[in-house]
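Using this note's numbering, read the sequence shown as starting at 16 and increasing by one per residue.
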Amino acid sequence: MSNLPEGWAGARLRDVCELINGRAYKQDELLDKGRYPVLRVGNFFSNRHWYYSDLDLDRDKYCDSGDLLYAWSASFGPRIWDGGKVIFHYHIWKTRPVDALIEKRFLYHWFEWDKENIKSDHGTGSTMIHVTKGDMEARRFALPPLPEQRRIVAKIDSLIGKTKRARDHLEHIPRLVEKYKQAILAAAFRGDAELARVGDVITDIRYGTAKKCNYDGGAVPVLRIPNVQGGRIDLGDMKSADFDAKELLKLELQTGDILVIRSNGSLDLVGRSAVVDHRAAGMLFAGYLIRLRLDPTRCLPEYLHWFLQSSVARNTITNAAKSTSGVNNVNAQELQTLELPLPSIAAQKERIASIESAFTWIDRLTADATSARKLIDRLDQSLLAKAFRGELVPQDPTDEPASALLERIRAERAAAPKPKRGRKKAA
């Protein structure tokens, strides 16, 4: 490594820490209850389902709060463990930093920074990345003097603490957005307008085709559940089939029709709708969708669509659709009995315009928040890159050079007697 800052030294990861393998488990060794939890990669990040073990293992196969761990397969990266004494799985390393050479939190931040380099090495399309122990131990490492490491860690922790607070605020935005949208819809459908049933404002309600469709299945495109996305018709994942004239006449879509998801494992999707636009006119629709065709002199399609997204309609639909079988359903009769306030067509147009204007503004803010989140992630990486180039804090010429520390540790290792291999049980 060339052009290192004053007092820094080039090293490999094996010079500054030891990587200790976890234990591979057979399925029958993983228990629902036991003395020690078994920390797997899923638990390392998000999975709350734990297995346990009663096995008596070498001390090195356990980790405890404060240990720096590294998941090296699939979902990978470092974590300073805070969950008490556990057994760690084969796809996790426990690190043993050389205290005289490197600060644990400095090594943690280096792992976080280097994780992105590993992703880049594997290509952006890689989803199942893993790193071998030999490759990780051989990774090059720019080592600052120990006092400078402490200054770097203090600076990183301070700055990343600020970006974390900003990230936490941004993560609340989706929930706030949904609440604000529901408040807008509630206001739009509040008032003294007469109530009407959905069945009173439609001229036809119909289930879609049960015919099997494929990506190259025939001449007529068929809209399915994946094509009803975010309140709009999405033509990005289309299948098709062949139909006779009678089927086409019965199921062909027209501009202004409303498609409603009637059946799904996700209760949140049941009852979600989209208005058919000119792009989808002439297509057919699948059996898990219901088509509503409205009387345009009584109710505008966009007005009914927005009503179906309101909390009043959503609560009624989800209560009707709930199922213990795993598949939630709402039927045509239940949709037709929904009651909605029905003002004049002119008033409906005003409410539609008000809703869509407010939602456009909210969606723009949401997009800005998403962009800000990505910028914060890049800022963290830029901060770490700057730290490991020696540009985050000034060097102190009175610090003992890292090269001197390395040479001393190497000499001590060479002079130390080789330890006898033996089994040490955990207390």
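Quick reminder that beta carbons are idealized off the backbone N, C-alpha and C, glycines included. Here the structure is a predicted model, which is why all the values come from computation and not from measurement.
Here His106 is buried. Its C-beta has 16 or more other C-beta atoms within 10 Å.
Spanning the alpha carbons of Glu427 and Trp23 requires a straight line of approximately 20 Å. When the beta-carbon positions are compared, Ala198 and Lys226 stay at least 8 Å from each other. His145 and Asp172 have their C-alpha atoms spaced approximately 28 Å apart. Remark: C-beta atoms of Val342 and Gly280 approach each other more closely than 8 Å.
In this structure the segment 74-82 touches the segment 95-103; the number of beta carbon pairs closer than 8 Å is three or more.
The C-alpha of Ser369 is placed about 25 Å away from the C-alpha of Asp215. Residue burial is scored here from C-beta neighbours: Ser325 has at least 16 other C-beta atoms within 10 angstroms and is therefore classed as buried.
In the three-state reduction of the DSSP assignment, Tyr195 falls in the helix class, which pools H, G and I. Under DSSP, Arg247 forms a beta bridge with Gln244. Here Leu304 is not near Ile332, since their CB atoms are 8 Å or more apart. Selection Ala431, Lys48 and Leu116 evaluated against Leu28 yields Leu116 as nearest (Cα-Cα). Within the same chain, Cys228, Asn229, Tyr230, Gly232, Pro236, Val237 and Arg239 come within 8 Å of Lys254 by CB-CB distance, once the 5 residues on both sides are set aside.
Just measuring C-alpha positions, the residue of Ile391, Arg308 and Leu399 sitting nearest Arg180 is Ile391.
Taken in chain order, the whole beta strand (DSSP E) runs of length 3 or more contained in the segment 116-169 are 155-158. The Cβ atoms of Trp128 and Gln363 do not sit closer than 8 Å to each other. Taking 3 residues as the minimum length, the beta strand (DSSP E) runs contained wholly in the segment 292-358 are 304-309 and 354-356, in order along the chain. Closest in alpha carbon position to Val327, among Leu355, Pro316 and Val31, is Leu355. Ile360 is not a Cβ neighbour of Asp292, given a cutoff of 8 Å.
Comparing C-alpha distances from Gly286 to each of Arg313, Tyr40, Pro311 and Gln244 shows the shortest one belongs to Gln244.
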